[in-house]
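If you read the sequence shown in our numbering, its first letter stands for residue 469, the second for the next number, and so on. For each residue, glycine too, the CB sits at the ideal point set by N, CA and C.
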Amino acid sequence: MTAGPGSSSSPFRVRTFRSLWIASVMSHFGTQVQMVGAAWLMVSLTSSEGMVALVQAAVWLPQTVFSLFAGVVADNFDRRKVMLTAQCTMFAVSVALTVLAFAGVLSPWSLLGFTFLIGCGGALNAPSWQASVGDIVPRDDIPQAVTLNAMGYNGMRSLGPALGGLIVATAGAAWAFAVNAASFIGIIFALKAWNPPATERPLPRESFAGAISGGLRYTSMSPDLQRLIFRALLFGSSAIVTPALLPVLVRDTLEGTANTFGLMLAFFGAGAVVAAAINRPLRRRFENEGVARLGFIGSAIGTLTLALSASPWICAPALLLSGCGWVLVLSILNSSTQLFSPRWVVGRVMSIYQAGAFGGMALGSLLWGWAAETAGLTATFLAAALVLALGALIGLWKPLPSVSTANLEPLNRFRTPEAKLGLTYKAGPIMVVVEYLIDTGDTEAFLQLMARRRRIRIRDGAKQWVLLRDIERPEQWSESYHVATWGDYIRHNQRRTAADAEVFDNLRLLHRGPGTPVVRRLIERQWVSSKEADTAYPVRSS
């Protein structure tokens, strides 16, 4: 049966997504086997709960430190090449780790170092892969594609740890690292086979500083994105207690082996598969906040059970519930963040989101590891369960935004004005003044629209935005803002989305002057002589 649009498997109709998904699932399998090997090897190398928890911190810390840098790269360079670079880097580091493990020369800190380097490759890869989803599948299929990615990843959290535990128990951690190294080969070939259409870039790339500023500015001007990122930070920092301290729980509380550890992780991954199966029905029945709240509550109950039980038969279903909550929350936050981001900034927004989620995981791993050493495992799991319960209650006060129905595709109304001066893209600063004639009776409606206009302008790169009213002619209003260069002015206008059209159209309806509001574009110059002024920007002949 062919999957229809919007069905849970509809992204598989796209051949590129299908091939990359299969290859990424195999890569995720290797990653899970490697993490089991690293975690259990660390347990054998040291008795410190903090050092064991640092394995998870080493995985997620690069996602926090380098995430925004990787987001800028994803928005300004060929994403396929970026992902190839990241995957090849992780392959090389994994091969080196394997060789040293077979040689028996790894120490706790060198193991953490290699784990951190693999995490750096993952940090570079993640925003480009997340941003590419919207380029590969139609917009309506993005939630399903994100869920399938989560299902593939967390499905391997079920199979990978189980087999990883078996590999470590029978052959040793070095063979787990070897499996991970081999798993990168498929994704590398799949990326080489992908031929995305070339992206036309008429404007020069933004500087790194400007691009980072643009991503932070856009996110800061979007309350919806701020709520999504905050909840990701809260969930990541609290829910990470389970994967971070599970090796210690298995060793000390359950008195298990590497096989027991792999089996417990398998239940966590099985919960993720269950979540992927019920995600779509839940999204049909509940708003985003309802689904996220169920995930928070499920994770809280699972964590609470781990705190109070010493039986593998009780801990296993608790881990199933925790894994289910993990995917429900992170998949709804991930897909919503993508849907609330226009294409020009999606890589940077996703990197900021991931910095929140993974930064919370890295910070949580450190804090829960310290808490376990000082207060014990039971108190630590109880505290994490309490934070997860509070995360569910916060939704009553600040609920997540519903799925965006706004059209964030480019508006494509802007036409670059013909400059009579010989301007380059780097010429500037540029000052823009837009003049309106507004009836006195329309003042309140005008000001409400201009408040929204201000947010759009600043969000898209404008600086020093002000609204002026003529003292002698109260019906005369002027909107003024600055951009650094002529290229930034063009880029600023190209970022306008179809959802912004309502504000601009209504402002034109309020304008009572002849034609449309007058737009004046001026280039700023310091005081110069008349001769210097003539040669700085020569006038072009018609």
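Report the three-state DSSP secondary structure of residue i (helix, strand or coil).
i: Tyr-904; result: strand
i: Met-469; result: Note that Met-469 has pLDDT 38, beneath the 50 cutoff, so the model's placement of it is unreliable and no number is given.
i: Val-541; result: helix
i: Lys-866; result: coil
i: Val-986; result: strand
i: Pro-711; result: helix
i: Thr-892; result: coil
i: Thr-965; result: strand
i: Pro-430; result: Since the displayed the chain opens at 469 and closes at 1010, residue 430 lies outside it and no answer follows.
i: Pro-749; result: helix
i: Pro-672; result: coil
i: Leu-722; result: coil
i: Glu-517; result: helix
i: Ser-487; result: helix
i: Leu-574; result: coil
i: Lys-663; result: The identity of residue 663 in the sequence shown is Asn, whereas the question assumes Lys. Looking at Asn-663 - three-state DSSP - the assignment turns out to be coil, as it is neither helix nor strand.
i: Phe-559; result: helix
i: Trp-597; result: helix
i: Gly-763; result: helix
i: Trp-812; result: coil
i: Glu-970; result: helix
i: Arg-923; result: helix
i: Ala-887; result: coil
i: Arg-685; result: helix
i: Glu-755; result: coil
i: Ser-690; result: coil
i: Gly-640; result: coil
i: Ser-478; result: helix
Under a Cβ-count criterion, where at least 16 other Cβ atoms within 10 Å of its own Cβ denotes burial, should residue i be classed as buried or exposed?
i: Pro-479; result: buried
i: Val-987; result: exposed
i: Ser-575; result: exposed
i: Gly-683; result: buried
i: Leu-731; result: buried
i: Gly-654; result: buried
i: Asp-938; result: exposed
i: Leu-889; result: exposed
i: Pro-810; result: buried
i: Ile-800; result: buried
i: Gly-617; result: Note that residue 617 is Asn in the sequence shown, not Gly. By the 10 Å Cβ count, Asn-617 comes out buried.
i: Pro-595; result: buried
i: Arg-993; result: exposed
i: Asn-663; result: exposed
i: Val-605; result: buried
i: Pro-711; result: buried
i: Ile-782; result: exposed
Identify every residue that forms a DSSP beta bridge with residue i.
i: Ile-898; result: Val-951 and Ile-991
i: Arg-937; result: Trp-945
i: Lys-931; result: His-950
i: Pro-878; result: Thr-965
Residue i to residue j, Cα distance in whole Å?
i: Leu-585; j: Trp-577; result: 12 Å
i: Gly-815; j: Asn-593; result: 11 Å
i: Lys-1031; j: Val-718; result: Outside the shown range of the chain (469 to 1010) lies residue 1031, about which nothing can therefore be said.
i: Met-918; j: Leu-975; result: 8 Å
i: Phe-485; j: Met-494; result: 14 Å
i: Ser-487; j: Ala-569; result: 32 Å
i: Ala-823; j: Val-533; result: 7 Å
i: Gly-472; j: Val-482; result: In this prediction, Gly-472 has a pLDDT of 48, which is less than 50 and means its spatial position is unreliable; nothing more can be read from the coordinates.
i: Leu-861; j: Leu-845; result: 25 Å
i: Met-587; j: Val-527; result: Going by the sequence as given, residue 587 is Gly instead of Met. If I take the Cα positions, the gap works out to 5 Å.
i: Phe-657; j: Arg-920; result: 47 Å
i: Val-1018; j: Thr-771; result: What the structure shows of the chain is the stretch from 469 to 1010, and residue 1018 is not part of that stretch, so it cannot be assessed.
i: Leu-915; j: Ala-542; result: 37 Å
i: Asn-747; j: Phe-729; result: 27 Å
i: Tyr-957; j: Asn-875; result: 23 Å
i: Val-742; j: Thr-499; result: 21 Å
i: Gly-955; j: Asn-880; result: 17 Å
i: Leu-788; j: Glu-841; result: 26 Å
i: Ser-600; j: Asp-546; result: 10 Å
i: Val-795; j: Ala-571; result: 38 Å
Within a Cβ cutoff of 6 Å, which residues of the same chain sit near residue i, ignoring the five residues on either side of it in sequence?
i: Asp-910; result: Leu-978
i: Leu-834; result: Ala-525
i: Leu-419; result: Since the first and last residues shown for the chain are 469 and 1010, residue 419 lies out of range.
i: Gln-555; result: Phe-652, Ile-655 and Ile-656
For residue i, collect the residues of the same chain with a Cβ closer than 8 Å to its Cβ; drop the 5 residues on either side in sequence, then sort them by chain order.
i: Leu-990; result: Ile-898, Met-899, Val-900 and Val-901
i: Ala-661; result: Ser-487
Can you name, in chain order, every residue of its own chain whose Cβ lies under 7 Å from the Cβ of residue i, other than the five neighbours on each side?
i: Ala-591; result: Pro-530, Gln-531, Phe-534, Ser-535 and Ala-538
i: Ser-1012; result: For the chain, the structure presents residues 469 to 1010; residue 1012 sits outside this window and is missing.
i: Gly-863; result: Glu-757, Ala-760 and Arg-761
Would you say residue i faces chain B, with C-beta separation under 9 Å as the test?
i: Ser-578; result: As a matter of chain content, chain B is missing from the structure shown, which is built from one protein chain.
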